[in-house]
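Q: Start counting the sequence shown at 871; every next residue gets the next number (my numbering).
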Amino acid sequence: MFQYILRRLIGLAPTLFGVTVLIFLLLKVVPGDPARMVAGPDATLEDIALIRAELGLDRPLWVQYVSWIGDLLRGDLGTSTRTYNPVSYEVGLRIPATLELTAISIVIAVIVGLAAGVIAAIRRNSWIDYTSMVVALLGICTPSFWLGLMLMLVFAVWLGWFPTSGRGSWEHLILPGITLGVGAAAIIARVTRSSMLEVLNQDYIRTASAKGLSERATILGHAMKNALIPVVTIIGLQFGYLLAGAVITESVFAYPGMGRLLVESIGFRDFPVVQAILLIFALQFALINLAIDILYAYLDPRISYESRR
């Protein structure tokens, strides 16, 4: 297993290299001049030219890219052109907030999605099954910004149960956590139902029932573990999507996480911060996929990553 993990980590290098090239080139075609944003609306052309030289924007693209990669390899993410603070400082302030929001969202999504999917599979073709899947479909189709505004209107403005924005106590996490977790819960519920239905039709499940095991023991002891393999994949991917998808939710609730920082940085053309956040999101996805592969071996003993001789 250790050799497999080491090979996968080494294999991340070309992937991350391609990501850095893509991020760098995409930001270069974004309309707007960072030097003009830094200089302000009243700056002269000479002032803008001086700032472009100071930021290194007057150099050829390949020189800018090599310089950025060299700084990354030394652990230097650059300097924010908006606050003039190190990018690592700006991002480091926001990472805990995004991880908190993502954690509460994935917990909500997993609990609700697994419960709804399992119950819908057990009660197949009943009103519970139909209702669960209709609600799941609505959860997938509902835009997160609209859901966030509706939750804010009802539970923050009308009822006054939760704050409308900011970060502080656990109450600040409830509404954005639900907003971010609803779509993931709906997807997990549908995948769990499909996987459970496939497992419940297997011969060993019928054998377990024929031996006199209760429905609960059959579901929890035999069906769930085998049904979880495709579900784990979806949960892992959804966790990555939630980390990146927090951009909209954090903006709606004025939540001080990486998503909101990304939006603000794009508006100010603060490209060093944007590049760092996008690179962090890409690295998170790669590590999550590795964790999913390792978890497969635990859920299914037939899966082994040891080299065969």
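For each residue, glycine too, the CB sits at the ideal point set by N, CA and C.
Pull up the distance between the alpha-carbon of Ile1000 and that of Pro901, whole angstroms please.
A: Checking the sequence shown, residue 1000 turns out to be Tyr, not Ile. The alpha-carbon atoms of Tyr1000 and Pro901 are separated by roughly 47 Å.
Q: Looking at chain C, is there any beta carbon in it that lies within less than 8 Å of the beta carbon of Ala1124?
A: Considering every chain present, this structure includes no chain C. It has just one protein chain.
Q: With distances taken between CB atoms, is the gap from Leu1017 to Val1052 smaller than 8 Å?
A: Yes, these two residues count as a Cβ contact at 8 Å.
Q: Alpha carbon to alpha carbon, how far is Thr949 from Ala1116?
A: Rounded to the nearest angstrom, the two C-alpha atoms are 24 Å apart.
Q: If you check the beta carbons only, do Ser1135 and Val1144 fall under 8 Å apart?
A: In contact: Ser1135 and Val1144 (Cβ atoms closer than 8 Å).
Q: Would you give the residue range spanned by the alpha helix (DSSP H) that Ala973 belongs to?
A: Residues 957–992.
Q: Tell me which same chain residues have a C-beta within less than 8 Å of the C-beta of Ile939, skipping the five on either side of it?
A: Excluding residues within five positions, the ones whose Cβ falls inside 8 Å are Thr890.
Q: Measure the C-alpha to C-alpha separation of Gln1154 and Arg964 and round it to an integer number of angstroms.
A: Gln1154 and Arg964: Cα-Cα distance of roughly 15 Å.
Q: Could you have a look at Thr949 and say whether DSSP puts it in helix, strand or coil?
A: Strand at Thr949.
Q: I'd like to know whether the C-beta atoms of Gly1129 and Thr968 end up nearer to each other than 8 Å.
A: A contact, by the Cβ cut-off of 8 Å.
Q: For Ser1002, which of Pro1013, Ile989, Thr1012 has the nearest alpha-carbon?
A: Nearest option by C-alpha distance: Ile989.
Q: Let me confirm a value: Val1024 is counted as buried when at least 16 other C-beta atoms fall within 10 Å, else exposed. Which label applies?
A: With fewer than 16 Cβ atoms within 10 Å of its Cβ, Val1024 is classed as exposed.
Q: Note down the Cα distance separating Pro884 from Ile1044, rounded to an integer number of angstroms.
A: Taking the straight line joining both Cα atoms gives about 39 Å.
Q: Rounded to the nearest angstrom, how far is the Cβ of Leu971 from that of Gly1047, given a contact under 8 Å?
A: Correct: roughly 6 Å between the Cβ atoms.
Q: Pro1100 to Gln934, Cα distance in whole Å?
A: Approximately 42 Å between the Cα atoms of the pair.
Q: For Gln1140, which residues from the same chain have a beta carbon less than 6 Å from its beta carbon, with the 5 sequence-adjacent residues on both sides left out?
A: Per the sequence shown, the amino acid found at residue 1140 is Asp instead of Gln. Hits under 6 Å: Ser950, Thr951, Arg952.
Q: Of the residues Glu916, Ile1158, Gly1030, Trp1031, which one's Cα is nearest the Cα of Thr1103?
A: Nearest of Glu916, Ile1158, Gly1030, Trp1031 to Thr1103, Cα basis: Ile1158.
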